[in-house]
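Residue numbers (the numbering used here), protein chains in the order written: chain E, 3 to 355; chain G, 3 to 355; chain B, 6 to 392; chain D, 6 to 392.
Using N, Cα and C, we set each Cβ at its ideal position, and we do this for glycine too.
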Amino acid sequence: MDFRFTDEQTMTADVVRDLVADLCQPADLRRLMASGEPFDQNRWAKIQELGLQSALVAEEKGGLGLQPVDFVQVAEACGYACLPEPLVEAYGVAIPLLAETGSDAAAKVVEAALEGSALIAFGHPANPFVERADTADWLLIAKSGGLDLVKTSDAMCTLQPSIDPFRRLFSVQYDEAAALRIGAQSGIEGPIASAFDRGALFAAAQMLGIAQRCVDLAVDYAKERQQFGKPIGSYQALKHQLATVQVKIEFARPVLHAAAAMLPQANALSRARVSHAKLAACEAADLAARNAIQVHGAMGYSWEVDVHFFLKRAIALSEWWGGPAFHRRRVAERIFNGPLGPEHTFAKELEHA
Amino acid sequence: MDFRFTDEQTMTADVVRDLVADLCQPADLRRLMASGEPFDQNRWAKIQELGLQSALVAEEKGGLGLQPVDFVQVAEACGYACLPEPLVEAYGVAIPLLAETGSDAAAKVVEAALEGSALIAFGHPANPFVERADTADWLLIAKSGGLDLVKTSDAMCTLQPSIDPFRRLFSVQYDEAAALRIGAQSGIEGPIASAFDRGALFAAAQMLGIAQRCVDLAVDYAKERQQFGKPIGSYQALKHQLATVQVKIEFARPVLHAAAAMLPQANALSRARVSHAKLAACEAADLAARNAIQVHGAMGYSWEVDVHFFLKRAIALSEWWGGPAFHRRRVAERIFNGPLGPEHTFAKELEHA
Amino acid sequence: MDLNYTPEQQTFRQEIRAWLKAHVPSQPLESFDATRAGFEAHRAWERTLAEGRWGMVTWPESYGGRGLDLIQWLIFEEEYYRSGAPLRVNQNGIFLLGPTLMEYGTPEQKARFLSAMASGDEIWAQAWSEPQAGSDLAAVRATATRDGDNYVLKGHKIWSSRAAFADWAFGLFRTDPASERHKGLSLIFFRLDAPGVKVQPIPQIDGETGFAELFLDGVTVPVFNRLGGEGEGWKICMATAGFERGLMLRSPARFQVTARKLVELYKAHEDEVEPSVRNAVLQCWMDAEAYALSIYSTASRLIAGGHIGAEASTNKIFWSEMDIAMHKTALSILGARAELLRSAPEAGDIGRWLDGYFFSLAGPIYAGTNEIQRNIIAERMLGLPRA
Amino acid sequence: MDLNYTPEQQTFRQEIRAWLKAHVPSQPLESFDATRAGFEAHRAWERTLAEGRWGMVTWPESYGGRGLDLIQWLIFEEEYYRSGAPLRVNQNGIFLLGPTLMEYGTPEQKARFLSAMASGDEIWAQAWSEPQAGSDLAAVRATATRDGDNYVLKGHKIWSSRAAFADWAFGLFRTDPASERHKGLSLIFFRLDAPGVKVQPIPQIDGETGFAELFLDGVTVPVFNRLGGEGEGWKICMATAGFERGLMLRSPARFQVTARKLVELYKAHEDEVEPSVRNAVLQCWMDAEAYALSIYSTASRLIAGGHIGAEASTNKIFWSEMDIAMHKTALSILGARAELLRSAPEAGDIGRWLDGYFFSLAGPIYAGTNEIQRNIIAERMLGLPRA
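In structure tokens:
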């Protein structure tokens, strides 16, 4: 029992954190938005060079064989930066799923994805749209009982504009005959469910990053902004609001990290922990973003202030990969059918009850 | 349209307010508690002399013919003082109901009640117990389709001790053969329903009084108590907490007063307003009592500090005459079946929709 | 206490209801904060209103009003919002400056400004804040230097609502250069197209441009444009803030209509949402009702000669927090569609909830932050000591 | 990150589980705050624990412990609360003073006090607050005047938990009469039955007497009873406060058991309550789990050589607010029965929720009010400027 990240885990995240700190500041976001382009090509090239495409792919499938717990801090860093590019979605969710199917038909696509020459967008029934479908080379679409792999050029993608300028959502239609049905074998539900849980877990991680960024932006502003002859950050009401947000963050973080570690169990206990993490992180992000707006005063309502990028991402991710209602249902299933009490915090199976 | 109390309405309440300000201070409550007696005989005699027994009884039944709106501020004053004696319950709820039945059989009891020589306790199915049953001369018990009037000496009253030392709750059993069945005539449901609404309304009024008292106690303490070299009431965090409570109170009050004015309509609209008033007042009282404890610091947890009387009464009344779930159901009925929108604030009938 | 409308009040309601039915545009107008065209469409609507003498019903007939009382104003507002009529592009004029002009203006000023305000011929922006004077309004630095019968204005105003397209603005200026804080300020009007005024719109997070920055560099205005005495600006400004927060800035009907729409949205999606959302919807409706009842109570008191006090601050806190709660609840009902723009093909019935949510987040900030309102309540209503 | 218990940890869990199964009293003991008999029954239980060497498992064997680490302590606590064993009457000793003694005490002091603490032979009260020194602990006025090898204590302490029946108390005293605020204070122990000590129990709103006032009038204690150097009291006291708020004051197992009971209560009454209560129950369970996970995380860090910092303050806020929420939720499930005393014939399964609620209301107050904790978080974690 050791609830600390290993040095390797922290180093992986540090690499991403340093990269986005260099290349994904709010000014970069504004520049990308003004350009109307879906990617910052330079940043995306640098991200691809990190080789994280294969991070969560098993070693026998040509990957690094890492686990969600090795990747969760990477997702936090992406949230903290409000990263537009699909590092988390493609590398954390889609590619590992495609590789896990072991489909021979998809082998070439997997190979291309692992070497960074093919981008995969993932559609799951929990999400009404497919993010960044237009710029992907392939669409991996989960549906009841299987997976379709579709060349983007064979699909019709209709933009569904989001308030978040970087989300780029699409409804997708395609001729099933043109799709590669790759997940018809029995047992595909497990990998799809795990991919969904990774989606939810890494969304929670991004939300936690967003929450901390909102606090940090608010703190920076509150130290500088003077009213009535002193920094507004010296007023107790403002201090207590931000302290309340930080408490939410502090008690969402260990849940997120435990959920990451437990995710591979793939049972009711681990799923409830993922759901708990998403609920806690979303609550923290919501409170943090609203408080950051409030601390910035009228400034927070304006486009000039960076908080709005994070507010919008928080609104979107709170409903993505299952909204609060869905995740509370999974927690309820755990609570009302599973073992309760202090001796079950790290329980692995329901049978332990 | 004039949303102000008349001078008469305010004067009636002022009389009660002055009386309890004289005779029902926390020291008086402590004295009564130490004595173990159910009544402060002197205070109760003074209350009886006010003649409010007949306030809500129709003129043709020998009463003053006042309406709930004339009495609602009296109930607020009783809550503000945490009055132990059953002024509100007997005069505001039980006696008017008994008189309204017009039962010949009960005529003598009504007469005695109006002149103050008989005390009536009222049992309603919404409340699991009968308050102060042991010290009443008669028990008026509502049950499906009618009312029983029972001499207390013919009933078995079992004390169900409450955390509130002045509530004195009893479960009541009696031989139905010994009871006077006075409400068998058709149409009795209406008066019983109105009595229930008066119970809920005046409970809400008491809760509003409790809420304001808790704020006032906290303010008084916060002005005096010094920490870190200044009064704790000068700290912004404390100020904002108490301001938040006061806002709750300010927006519960007009609802309470509108509910009082509308109560005689006796329809879904007026019932929803009564329920709204109870919900809003209970929320204010709960927040006020907890904040007052917090402001008093460790002192608030002790018996020495007066807040606990109000905290306990607030806990009890929040579930009495219908708890939050019941009252939200009535509001929901109004909202999901009645006319909505700004033109219906004072609507009198559903047909206006 | 009498919660019945008089026959006259009922007749009045029917009159305005009928007029609105005949005149409200069948299609919603374009936003007045997004384009000049939208702004001018709203000005045209103000003129239509004025033709019916509905510009500001509480004002005397001589200024284009009807000389009615606050209860009738509330009835007007109820019917106005019920009808779905356009938002009032001139709210800074009719609801903020107008009542203050009525109290502090000279007969000549009233004649000059009020009728043109009621008629929609002159649309007003406010110019309260400066970059270093937000919550702390007394930190105003913009100056008005006396030059014979004129003032020359210099300074930098920000968060000036409607200023992108409006005709006039009013703001605080330091007329005594040696003064500090609340002293030596005067309330002065200026045309936004006057030489020396530069208007720089501020994009908002919803993509509209409801606010602007104003750069004033030697703007000459006649002394006639000063409301009240020289140096009385703070006192008059506080009176305006009272009106703003207290009663007219957010008429209850607005929230009751939002609550009605929220209930409709909930009913349409009841089967898809968590049971707990029901309680949130109930709470929003109750809060909107409580706000309406409270304003009726205040209006009754004011009609009887009372004055508005710290309840202006309680109102501000209550409606701003309620507004956020209503929009958050709506977003939770919309679920994953909440993030869509209305232009999205799959937007369905998402309406303007997301825009409204962003707007609601500004509620605790403008017209005096809720932190300041809580200080006011604690110190003036509850009597707690100042820090 | 490895969230698997080692085989040794699993074996340890089985060992303590078996021991508790064999030893925990089958009937709950009377409250240790209500009567001397209840207090002594708890002392007897401490002695039973000590016989099994379970008094304080993290302490060295030489002081009656087992030299185990914090993860094992958490496992011990989990099994302890799971078993329904009595509350620790000596918590002021073993959880607050003990760890501080371990860090700052001389070998002689450790030998003198720790074993007697672990064995239950000496039960400790704390004596932090004074009437004018609550949140503002540095305002302590009680004095300890040096007299040869002794100190003579004078002063008035209040909110001294367990003091009604305990053997010893520890508190801050001003050893330098000329000193002010944090300086010149020393941490000194004194026997509660010493000549000059008057103990006055304080009735609480739940009718029990968990706190007392202490009047000290010329109480002589040896200099040996001073922990740390003269004038170092504040520093040492802050270390104790760190332990108190941070980790040991409220072990997570306690709240997880409360959450389990809340779920059971909800299940028993699911049909009677509003659907929204379900979400409140879920939230309580999630919060109890989050608190446990957070403490495991802190414990892992401490074992690896880390120090406890401002998270002590975040913990305090989190558990105290969670505790109130859990009890409020339970009361809402109990409905109209919530107000009954357990002695009421119709009390049914109301349990101790109402007592627990009152106790929970004190949570944001003691061990440093939550207002002070929020100041600490804002200033030390977030780096916001002091007022």
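Pull the bridge partners of residue i from the DSSP assignment, please.
i                : result
ASN155 (chain B) : B:ASP152, B:PRO227
PRO326 (chain G) : For PRO326 (chain G), which the question treats as bridged, DSSP gives no partner whatsoever.
ILE207 (chain B) : B:PHE216
LYS298 (chain G) : First, the amino acid is wrong: residue 298 (chain G) is His here, not Lys. Answer by DSSP bridge pairing: none, since HIS298 (chain G) is not bridged.
GLN229 (chain E) : E:LYS232
By a C-beta neighbour count over all protein chains shown, 10 Å radius and 16 as the cutoff for buried, is residue i buried or exposed?
i                : result
ALA355 (chain E) : Residue confidence for ALA355 (chain E) is low, a pLDDT of 41 falling below 50, so the modelled location carries little weight; the figure read from the coordinates is stated next. ALA355 (chain E) is exposed by the Cβ-count criterion.
ALA23 (chain D)  : exposed
THR8 (chain G)   : exposed
PHE17 (chain D)  : buried
What residue range does the beta strand (DSSP E) around residue i cover?
i                : result
GLY176 (chain B) : 173-179
GLN131 (chain D) : 129-132
LEU151 (chain G) : 148-153
ILE1 (chain B)   : Here chain B has residues from 6 to 392 only, and residue 1 (chain B) is not among them.
LYS145 (chain G) : 140-145
GLY125 (chain E) : 122-125
Locate the alpha helix (DSSP H) running through residue i, then write down its first and last residues.
i                : result
ILE251 (chain G) : 238-264
TRP59 (chain D)  : Counting along the chain, TRP59 (chain D) falls outside any alpha helix (DSSP H), and DSSP gives it neither H nor E.
PHE172 (chain E) : Segment 171-176 is the beta strand (DSSP E) holding PHE172 (chain E); no alpha helix (DSSP H) there.
MET158 (chain G) : From DSSP, MET158 (chain G) is part of no alpha helix (DSSP H) but of the beta strand (DSSP E) over 157-162.
VAL262 (chain D) : 257-274
GLN43 (chain E)  : 43-51
GLY201 (chain G) : 191-226
PRO28 (chain G)  : 28-37
VAL371 (chain G) : Residue 371 (chain G) lies beyond the residue range present for chain G, which begins at 3 and ends at 355; the question has no answer from this structure.
Does the beta carbon of residue i sit closer than 8 Å to a beta carbon anywhere in chain E?
i                : result
HIS329 (chain G) : no
ALA220 (chain G) : no
TYR371 (chain B) : yes
THR16 (chain B)  : no
PRO208 (chain B) : yes
LEU359 (chain B) : yes
GLN238 (chain G) : yes
HIS1 (chain G)   : This structure gives no information on residue 1 (chain G), because the portion of chain G shown stretches from 3 to 355.
PRO350 (chain B) : yes
SER302 (chain D) : yes
VAL282 (chain D) : no
Quick test of your reading: residue i and residue j, contact by CB under 8 Å. State the CB separation rounded to the nearest angstrom.
i                : j                : result
GLN162 (chain G) : GLU351 (chain D) : 5 Å
GLY98 (chain D)  : ILE128 (chain D) : 7 Å
LEU265 (chain G) : LEU313 (chain G) : In fact, because the Cβ distance is near 28 Å, the residues do not count as touching under 8 Å.
ALA92 (chain G)  : VAL18 (chain G)  : With a Cβ gap of about 14 Å, ALA92 (chain G) and VAL18 (chain G) do not count as contacting.
For residue i, go through chain A and note every residue whose CB falls closer than 9 Å to its CB, in chain order.
i                : result
ALA309 (chain B) : The structure shown contains no chain A; its protein chains are E, G, B and D.
Looking at chain B, is there any beta carbon in it that lies within less than 8 Å of the beta carbon of residue i?
i                : result
LEU281 (chain G) : yes
Hey, does residue i have any beta-carbon neighbour from chain D nearer than 8 Å?
i                : result
PRO127 (chain G) : no
MET264 (chain E) : yes
HIS242 (chain E) : yes
Can you find a C-beta in chain G that's less than 8 Å from the C-beta of residue i?
i                : result
ALA224 (chain E) : no
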